[in-house]
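**Student:** This is the structure I want to talk about, given as structure tokens.
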Amino acid sequence: MGRAKQGGTPLTEPGATAGTTCATFIYRGEAREVGISGDMNGWSEQKELLFRLPGMDLFYYCGEYPADSRIEYNLVIDGTAGLDPFNPRVSLFNRKSNSEVPMPGYRPPPEVEPAPVAARGTVEEIAIVSKQPGMSRTATVYLPVGYAGSAERYPVLYLNDAFGALKFGSMINVLDNLIRRRVVPPLIAVLLPSVGDRMVEYSMNPRFESFVVEAVVPAVDRRYRTRPSPEFRAVGGISAGATAALSLAINHPDLFGKCMAQSTATKLAPLIKLARSGPKAPIRVYLDVGRFESDYHGKDLVEASHRIRDALVAHGCPVHLREVNEGHGWRNWRARMGEALEFLFASLSAMERGE
Numbered sequence: 012m013g014r015a016k017q018g019g020t021p022l023t024e025p026g027a028t029a030g031t032t033c034a035t036f037i038y039r040g041e042a043r044e045v046g047i048s049g050d051m052n053g054w055s056e057q058k059e060l061l062f063r064l065p066g067m068d069l070f071y072y073c074g075e076y077p078a079d080s081r082i083e084y085n086l087v088i089d090g091t092a093g094l095d096p097f098n099p100r101v102s103l104f105n106r107k108s109n110s111e112v113p114m115p116g117y118r119p120p121p122e123v124e125p126a127p128v129a130a131r132g133t134v135e136e137i138a139i140v141s142k143q144p145g146m147s148r149t150a151t152v153y154l155p156v157g158y159a160g161s162a163e164r165y166p167v168l169y170l171n172d173a174f175g176a177l178k179f180g181s182m183i184n185v186l187d188n189l190i191r192r193r194v195v196p197p198l199i200a201v202l203l204p205s206v207g208d209r210m211v212e213y214s215m216n217p218r219f220e221s222f223v224v225e226a227v228v229p230a231v232d233r234r235y236r237t238r239p240s241p242e243f244r245a246v247g248g249i250s251a252g253a254t255a256a257l258s259l260a261i262n263h264p265d266l267f268g269k270c271m272a273q274s275t276a277t278k279l280a281p282l283i284k285l286a287r288s289g290p291k292a293p294i295r296v297y298l299d300v301g302r303f304e305s306d307y308h309g310k311d312l313v314e315a316s317h318r319i320r321d322a323l324v325a326h327g328c329p330v331h332l333r334e335v336n337e338g339h340g341w342r343n344w345r346a347r348m349g350e351a352l353e354f355l356f357a358s359l360s361a362m363e364r365g366e
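Letter by letter, the sequence shown follows residues 12 to 366 in this note's numbering.
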């Protein structure tokens, strides 16, 4: 337990297979049964059990994982899931805390850290009024540095799940840094919160799509100096919000010429069917998914992402699909944001640089 007390658990060392790391999870305390539920087993109730050393209150489990992976998990002690008391690393997922273990080859994204003060954009709010009962809400708007003193018009990124993107996705820092490093052109970002049950609102809901098309986009175009055409407008989301983003872009390519969908997780069968029917005009699509999501609460999000990609490519859409050794969480999604926006806005960045 000496190493565990000094550096925390799990303990890591090179795995038996090339390109892997062996992680040893340890628990010490009185318990009948200790298990692990996490990215590595789809957060399943059929969790891995830690082995108990005979006659001792010490439990352990050794797992072999890709050397560049990052895993979130809970220990399940006598049926109650919670943080690993010997692991100081904690990741927040919405209102839930998970223990986290980055393997030695994992590299955290630098863009989540605050940018220099001179490179920081401004954040304000806009009230979106809808004719539909119960659909009005306040959105958060990011304006790039220099917006106030410029006459320029800007592309716009619309993102679902504003609360998570701001609190757990470090989205303002990410945008500041990507623009500062000229990975993407200066852009406006509109972060939309859900109202009521997000699983209902984001599940290919016609009311939500009408709200975005008829209320959100016109309000933003009226108030801000946008470039109001589909090639300068993107919509994105994570999990259920990714389903909503894809549905919006496929159904309304006249508004959204670009789409970012990370860990698309709901309404998979009807969404794949919609993708196979194809948008009326090609849209540029970025998809990503964690390899540990091949069994996310019993759903294979990896296969679903491949099927969505294949369907859209068949309709002439440029699609980039990225797989990473992570699971379903904000630290995965925010780490991919640079790659996603660079793919979506690459041509605009090149134009800005004069290439």
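For glycine and all other residues, C-beta sits at the position ideal for the given N, C-alpha and C.
Per DSSP, residue 92 forms a beta bridge with which residues?
**Tutor:** Counting from one through the sequence shown, the residue named residue 92 turns up at place 81. Beta-bridge pairing links residue 92 to 87.
**Student:** Alpha helix (DSSP H) containing residue 210: first to last residue?
**Tutor:** Taking the first residue of the sequence shown as position 1, residue 210 is located at position 199. 209–212 is the span of the alpha helix (DSSP H), which, as asked, contains residue 210.
**Student:** Leaving out five residues before and five after residue 214 in sequence, what residues of the same chain have Cβ atoms less than 6 Å from its Cβ?
**Tutor:** Counting from 1 along the sequence shown, the entry for residue 214 is found at position 203. Here the set comprises 277, 278.
**Student:** List, from N- to C-terminal side, the beta strand (DSSP E) runs of 3 residues or more that fit wholly inside the segment 223–275.
**Tutor:** 244–249, 269–273
**Student:** Using 8 Å as the threshold, is the segment 130–141 in touch with the segment 302–319, meaning 3 or more CB pairs across them?
**Tutor:** no
**Student:** In terms of residues, what are the limits of the beta strand (DSSP E) holding residue 331?
**Tutor:** Translated into positions along the sequence shown, residue 331 becomes position 320. Residue 331 -> beta strand (DSSP E) spans 330–335.
**Student:** What does the alpha-carbon distance come out to for the pair residue 159 and residue 177?
**Tutor:** As a first step, residue 159 is located in the sequence shown; it is residue number 148 there, counting from the start. As a first step, residue 177 is located in the sequence shown; it is residue number 166 there, counting from the start. Cα to Cα, residue 159 sits roughly 22 Å from residue 177.
**Student:** Is it a yes or a no for the segment 226–240 touching the segment 307–321, going by three-plus beta-carbon pairs under 8 Å?
**Tutor:** no
**Student:** Pick out the complete beta strand (DSSP E) segments inside the segment 133–205, 3 residues or longer, and give them in chain order.
**Tutor:** Here the runs fully enclosed are 133–139, 148–154, 167–170, 199–202.
**Student:** Which value, in whole angstroms, describes the spacing of the CA atoms of residue 333 and residue 41?
**Tutor:** Position 322 of the sequence shown, counted from the start, is the residue given in the question as residue 333. Position 30 of the sequence shown, counted from the start, is the residue given in the question as residue 41. Cα-Cα distance, rounded: 43 Å.
**Student:** Hey, could you find the ends of the alpha helix (DSSP H) residue 314 is sitting in?
**Tutor:** Position 303 of the sequence shown, counting from 1, holds the residue named residue 314. That run of the alpha helix (DSSP H) goes 312–324.
**Student:** What are the partner residues of residue 221, as DSSP defines its beta bridges?
**Tutor:** Start at 1 with the first residue of the sequence shown, and residue 221 comes out as number 210. None; residue 221 has no bridge partner.
**Student:** How would you call residue 28, buried or exposed, if buried means at least 16 neighbouring beta carbons within 10 angstroms?
**Tutor:** The residue you call residue 28 lines up with position 17 of the sequence shown. Looking at its Cβ environment, which holds fewer than 16 other Cβ atoms inside 10 Å, residue 28 is exposed.
**Student:** Roughly how many angstroms separate the alpha carbons of residue 192 and residue 185, rounded to a whole number?
**Tutor:** Walking along the sequence shown from the start, residue 192 turns up at place 181. Walking along the sequence shown from the start, residue 185 turns up at place 174. C-alpha separation (whole angstroms): 11 Å.
**Student:** Over what stretch of residues does the alpha helix (DSSP H) that includes residue 286 continue unbroken?
**Tutor:** The residue given as residue 286 occupies position 275 in the sequence shown. From DSSP, the alpha helix (DSSP H) with residue 286 extends over 279–288.
**Student:** Would you identify the three-state DSSP class for residue 362, choosing helix, strand or coil?
**Tutor:** Within the sequence shown, the letter at position 351 stands for residue 362. Note on residue 362: pLDDT 49, under 50, position unreliable in the model; the coordinate value appears next. If DSSP states are grouped into helix, strand and coil, residue 362 belongs with the helices.
**Student:** Based on the DSSP output, what are the partners of residue 34 in its beta bridges?
**Tutor:** Against the sequence shown, residue 34 aligns to sequence position 23. In the DSSP output, where bridge partners are listed per residue, residue 34 has 23, 74.
**Student:** Could you give the first and the last residue of the continuous beta strand (DSSP E) run that contains residue 68?
**Tutor:** Against the sequence shown, residue 68 aligns to sequence position 57. Run containing residue 68: none; DSSP gives neither H nor E here.
**Student:** May I ask you to list the residues that DSSP assigns as paired with residue 107?
**Tutor:** As a working mapping, residue 107 is identified with position 96 in the sequence shown. Beta-bridge pairing links residue 107 to 104.
**Student:** To the nearest angstrom, how far is it from the Cα of residue 1 to the Cα of residue 121?
**Tutor:** Nothing about residue 1 can be read from this structure; the chain reaches only from 12 to 366.
**Student:** Return the bridge partner residues of residue 59 from the DSSP annotation.
**Tutor:** Residue 59 sits at position 48 when you count from the first residue of the sequence shown. Note: residue 59 sits in a beta bridge opposite 47.
**Student:** Can you name, in chain order, every residue of its own chain whose Cβ lies under 6 Å from the Cβ of residue 372, other than the five neighbours on each side?
**Tutor:** Residue 372 lies beyond the range of the chain shown here (12 to 366); nothing can be said about it.
**Student:** Nearest to residue 129 by alpha carbon, out of 232, 315, 321, 188?
**Tutor:** Position 118 of the sequence shown, counted from the first residue, corresponds to residue 129. Selected option, being the one with the closest Cα: 188.
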